[in-house]
Amino acid sequence: MRRPDRRAPRPIPRLARSIVAGALGTLLLVGAFTSPALAEVRQPAAGAGAGAGAGAPSLTTERLAASTVVQVAGTIVVYSGQDALPGVTETTMLPDEIRLVTDAGESVAITGDEAEGLATGTEVTGTLSIPAAVLDSLADHSPELLDSRTQRTSSNSVDGDSALGQQILAAANTLAEPLELSDLTATAPTVAAAAPVMAHTFDVVVVTLPSDPTASVLDDPGIDTLVQALSTFWQSQSGGQISGISRPNAIQRIVSAAACDPQTFWTEAATKFGATPISYWNSREGRHLVVLAPQSCGGGSGLGSVGSSPFGSPIHQGGVGWSSYNSTVGLQTVAHEFGHNLGLQHSNTLTCRNPLVTSEISLSGSLIDPCVVNPYRDYYDLMGAGLSVNGQSNAQLTALNVTHKYRLDLLNPSELIPVGFSAASAGTQSRTISMASAASGPRGLAITDPRTEAKYFVEYRSGTGIDSGATYTFGFSSLYAPGVRVLALQRDNSSIVLAKPSSDPTTTDIPTDRPFYLTAGETLTLLPGLSVRVTSIAGGSATIAVDYTPEPLSVRSSAPYIEGLAEVGQELSAALERGRWAPFDVSLAYSWLRDGTAIPGANSSLYTPTASDLNARLSVTVTGTRTGYASVSRTSEPTGAVSSELLELSPAPVSLTGILRVGEVLTAEHAAWAPAPVDLTYAWFSNSEQIPGATGQSYTLTTADIDTWILVKVTGVKPGYRSIWRGNSAGPILPIPLLQITPATPSITGTTTEGAVLTANRGQWLPTSVNLTQHWLRNGTEVAGATSTTYTLTAADVGRRISVAVTGSLVGYATETTTSRQTSVISAKAVTPTPTPTPTPTPTPTTTPTPKPTPTPTPTPPVGWKPSVDRISGSDRYSTSVAISKAGFTRTAPVVYIATGTNYPDALGAAPAATKEGGPLLLTMSSALPPVVKVEIQRLKPKKIVVVGGASAVSADVLVELKKLSSTVIRIAGADRFETARKVVSQAFGDGASGAFVATGLNYPDALSASAAAGAKGIPVVLVNGSASTADAATQALLARLGVTSISIIGGDRAVSPGIAQALARTGNVTRISGSDRFETSQQVNRAAFTKVQRAYFATGFQFPDALAGAALAGSKGAPLYVVQPGCVPAGIHADLTGFAPSRLTLIGGASALNEKVAALKRC
1 MRRPDRRAPR PIPRLARSIV AGALGTLLLV GAFTSPALAE VRQPAAGAGA
51 GAGAGAPSLT TERLAASTVV QVAGTIVVYS GQDALPGVTE TTMLPDEIRL
101 VTDAGESVAI TGDEAEGLAT GTEVTGTLSI PAAVLDSLAD HSPELLDSRT
151 QRTSSNSVDG DSALGQQILA AANTLAEPLE LSDLTATAPT VAAAAPVMAH
201 TFDVVVVTLP SDPTASVLDD PGIDTLVQAL STFWQSQSGG QISGISRPNA
251 IQRIVSAAAC DPQTFWTEAA TKFGATPISY WNSREGRHLV VLAPQSCGGG
301 SGLGSVGSSP FGSPIHQGGV GWSSYNSTVG LQTVAHEFGH NLGLQHSNTL
351 TCRNPLVTSE ISLSGSLIDP CVVNPYRDYY DLMGAGLSVN GQSNAQLTAL
401 NVTHKYRLDL LNPSELIPVG FSAASAGTQS RTISMASAAS GPRGLAITDP
451 RTEAKYFVEY RSGTGIDSGA TYTFGFSSLY APGVRVLALQ RDNSSIVLAK
501 PSSDPTTTDI PTDRPFYLTA GETLTLLPGL SVRVTSIAGG SATIAVDYTP
551 EPLSVRSSAP YIEGLAEVGQ ELSAALERGR WAPFDVSLAY SWLRDGTAIP
601 GANSSLYTPT ASDLNARLSV TVTGTRTGYA SVSRTSEPTG AVSSELLELS
651 PAPVSLTGIL RVGEVLTAEH AAWAPAPVDL TYAWFSNSEQ IPGATGQSYT
701 LTTADIDTWI LVKVTGVKPG YRSIWRGNSA GPILPIPLLQ ITPATPSITG
751 TTTEGAVLTA NRGQWLPTSV NLTQHWLRNG TEVAGATSTT YTLTAADVGR
801 RISVAVTGSL VGYATETTTS RQTSVISAKA VTPTPTPTPT PTPTPTTTPT
851 PKPTPTPTPT PPVGWKPSVD RISGSDRYST SVAISKAGFT RTAPVVYIAT
901 GTNYPDALGA APAATKEGGP LLLTMSSALP PVVKVEIQRL KPKKIVVVGG
951 ASAVSADVLV ELKKLSSTVI RIAGADRFET ARKVVSQAFG DGASGAFVAT
1001 GLNYPDALSA SAAAGAKGIP VVLVNGSAST ADAATQALLA RLGVTSISII
1051 GGDRAVSPGI AQALARTGNV TRISGSDRFE TSQQVNRAAF TKVQRAYFAT
1101 GFQFPDALAG AALAGSKGAP LYVVQPGCVP AGIHADLTGF APSRLTLIGG
1151 ASALNEKVAA LKRC
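1 is the number of the first residue of the sequence shown in the numbering used here; add one for each residue after it.
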């Protein structure tokens, strides 16, 4: 089929244009300075901004229009991650994402409502709105390209295939900024006819990192064993439609710095087979690119393209998969990514309050109270998380969920028995099914509710057959065991298994202890009037009764509210609380009311008041209807009286005066605004980020402002007038010139013979407070580890000359290094002849016995030590973070830090920052602010909210909600997790820090163990790429700027490489704190940080959210937080606490995270 020309100019969509213009529609004049080091600057006035709705101003130049969009054409690829490490865990190393591969070959992450639901292979045209950060980066680096107007299709539209368009998309990739896709035209992928039976093929690449090129992944025989195991499994589970999996091409082994970056490495890997990634995921011939990366990339995590196979079509999709191979769960991970290639999504769990109402799940991603979906937690199925318990995983791959078999059309009606009813007639149907692991026969039920057409599935997991040795049979948790399971498919085709309802029908909390299986005699209600009852389980089969009564259903709802200014000519919007109307496909109708009377023709969600509404109060009624449900109508609270259009203020231009250097004062000067009096407020920004607390007419420059531009925003407010602001900017800010250290030349004393000890005499340095370190040199080359003031000569020194280099450093001074003169050549140790021994006379016997040494007494714990133990928990990770906040902040808090609860990389450094600024750390969903978190923020009344992470971590929707809760909302985000962490540290520790913890950002346990200790000591946690060969320049610059002189590296050499430690030693004194595992590392961190403990906190070491929020609380209390096993306290931690004898222990998280054995201090 011929594809249409998709490069013609298209009109810019109104929504995209208004959003981008609203963010960047400000005019700023950037001034030049002839002598910026010392000159006093009086910056000419400039910069105007419409007050209503104007965000933090950007320093973007005017060369590229602020409302720039890029016209694109290309193909959609959907990726889904598999996240697992040893232990009962659902780590989030690799987020799911949707990417657009343009016709020019650029791959870019996309977001937006129109992007949701697109399948791999969908051909699209549309526009991508470009965020301010991307434009700023281009303004900084390519002004000559931005000045070109020849590549524009309109004044603010860029052709995606042009040089400028490709550079913009590349910049978005560099900054990890997903772009909003709109004005979409989509052509669904076509699926070619395929044989019902087909063999699939693997092209296998093993990749290692340059820092460890010989890392053990799998040898060739091991890979062939893995391929054969997958072949056997998928052949059986597909009923023979996949006839087998083979490896026709030689295994490729590559050393690459991109080993841990699947999006980058797939292109490199595909070239080894004469292909591109698109040739795999666009394949209908079952061809797969399988990349096996080392465990250091995230042991057990993975990412794979999701096939676009619609229901009923052949399953012979191809795709790309990447797995960080872990010997315990590696088979599960590779099989999981292969499942994604076939079009399967994740297997999750669903827990609700009683009664269970699964139709009240908004399958677009938001949840209706009272239900919570936990990703990956269906541990019965390979499309859940790869799971191991105490180092032991599934003995083999378990049977595929009945939902996934239905999705791929792998069961006929005799194997998946349909169960249906007449909508108006009650009835019961009883069916017997075999275990899911059986090779044939009825293995599932497909139940359809006649009122709603909702479909539910039933299967029986016996723990036998290919399920023998499955982790769900281990008894590691009361939530998982053999039994009957009820499942459903969400709109995105992910699978959910339903939990038993609470045993307390009056509960208002979502339980965390409800099993995901039923035993004989138990019943699960799906909807009022529809339930599943297990009548018997015996002999490898289960008998299930499905009961139906035609009870009426009602649409669930919440009252709408009105957004906007109640003013003639200003648009109002009827807003619904996200996820509170159900079921998800309910039809909504709107009716606007004027003083309680319907306004004719006002039946949209939007309404613009007219002159007829002047002085009236407006409200809106929303009515929800759906077939099979009773409709419901809800009316909002009325607005205030509608006013006429506001008058305009006459602002005065703003100028900046002062010296652009740290320590100097900048002042915003302006004439009076009219008509007087006008209330003026001031806000100062550094590189577009608002500076906390900088709200006066003057601002004193700090070290955090070095190399940035400073902007002042003056806002005028007066009743009856529209708010407006004026501003100006200046920069870059220069550091205070460094003072000079007066060094001394060191000398060496001692004998230059092997075995002798040399001493470094460092001399008198000025000022006397200078910090001195030394390193011994052999023929001018540093001797590894020789950093003491003395050095013992070894055989390696013989024939060589020794010198010593002394380095002096002091905050505010330039670092100096001087080196001594070399010694004479080191000589070998003289060999002394062995003398002839003199005979020893026979001693006179004595009867006096030799006294035995007194044994050292074994320390004993304090007599009767028994701490009080309490628990802080909620129904999920979000409510747990709220409970933690309430425990630490009983009244208000000056600041609240917000981080995503679904992914840890951006959030790791946030806990000590929150502690430093005196506030809690709360967790949010990426796409929506949980109501319980919103209520907690309202209680705390913070003057400032700090959001950690970019839009992919915490969406713009969440940011909008947060701005309703505080006058100052700051987002801190970087190009990757490491830059984000550095920016968090700069935000909270701008006044400097004497010490710092350094931990890998590739995993969470080490950083979280350090977070509470860091908070208690008032120092930051700095994240690095632990697998790198050396410390990056940005991290070294940050530590130097903060004045850090003591650095503690958390974790062993595999967590943070020796090269990083060596590089950081040039910044300050470096010590390494590590243990044999995450628990011993946690013990050692707290042993080093605390000499006495009055109170201690425990959190699970196998999930990050509880420890993340708990670290902020523990740090604020000056107490340690230990990560422990879910069912016991590691012996080392237990021993240390016995010695400390704290009076109080607090468990963070529910019983499924830390059970009662932990509360009883049971030692592992």
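Think of the CB as a built atom: it goes at the ideal place given N, C-alpha and C, for glycine as much as any other residue.
Treat the numbers as computed from the prediction; the structure is a model and nothing was measured.
Identified DSSP bridge partners for residue i
| i | result |
| --- | --- |
| TRP322 | VAL291 and LEU303 |
| LEU179 | ILE110 |
| GLY716 | LEU680 and ILE724 |
| GLU123 | THR75 and THR187 |
| LYS916 | Beta-bridge pairing links LYS916 to no other residue. |
Residue environment, residue i, which counts as buried when at least 16 other CB atoms sit within 10 Å
| i | result |
| --- | --- |
| ASP1165 | For residue 1165 there is no data in the structure shown, the boundaries of the chain being 1 and 1164. |
| TRP1167 | An answer regarding residue 1167 cannot be provided, because it is not within the stretch 1 to 1164 covered by the chain. |
| GLN740 | exposed |
| ILE736 | exposed |
| SER1076 | exposed |
| LYS1092 | exposed |
| ASP870 | exposed |
| GLY1068 | buried |
| LEU292 | buried |
| THR349 | buried |
| SER80 | buried |
| VAL960 | exposed |
| ASP650 | According to the sequence provided, residue 650 is Ser. The question's Asp does not apply to it. Label assigned to SER650: exposed. |
| ASN615 | exposed |
Where residue i falls: helix, strand or coil (DSSP)
| i | result |
| --- | --- |
| SER686 | strand |
| ALA54 | Its pLDDT being 31, under 50, ALA54 is placed unreliably by the model, and nothing is read from it. |
| TRP581 | coil |
| LYS983 | helix |
| TRP765 | coil |
| GLY74 | strand |
| CYS297 | helix |
| ASP1032 | coil |
| GLN740 | strand |
| VAL1158 | helix |
| ASN374 | strand |
| TYR1004 | coil |
| GLU40 | Per-residue confidence for GLU40 stands at a pLDDT of 31, beneath the threshold of 50, marking its modelled position as unreliable; the derived number appears in the next sentence. Three-state DSSP puts GLU40 in a strand. |
Short Cβ contact (8 Å threshold) for residue i with residue j
| i | j | result |
| --- | --- | --- |
| TYR460 | TYR472 | no |
| THR752 | THR700 | no |
| THR68 | VAL124 | no |
| LEU1121 | GLY1132 | no |
| SER926 | SER955 | yes |
| ILE1047 | PHE1098 | no |
| ASN394 | GLN332 | yes |
| GLY318 | GLY286 | yes |
| THR623 | SER633 | yes |
| ALA730 | TRP709 | yes |
| GLU645 | GLU567 | yes |
| THR264 | GLY1150 | no |
| VAL717 | VAL654 | no |
Residue-chain proximity (residue i, chain B), Cβ-Cβ < 8 Å
| i | result |
| --- | --- |
| GLY463 | The question asks about chain B, but that chain is absent: this structure has only one protein chain. |
Runs of 4 residues minimum, wholly inside the segment 400–448: which ones carry the alpha helix (DSSP H) assignment? Those alpha helix (DSSP H) runs which fall completely within the segment 400–448 and span 4+ residues are 402–407.
Contained alpha helix (DSSP H) runs [length at least 4] in the segment 934–965, N- to C-terminal order: Counting whole runs of 4 or more residues, the segment 934–965 contains the alpha helix (DSSP H) stretches 956–963.
Length at least 3, wholly inside the segment 748–813: the beta strand (DSSP E) runs in chain order: Segments of the beta strand (DSSP E) lying fully in the segment 748–813: 757–761, 771–778, 790–792 and 802–809.
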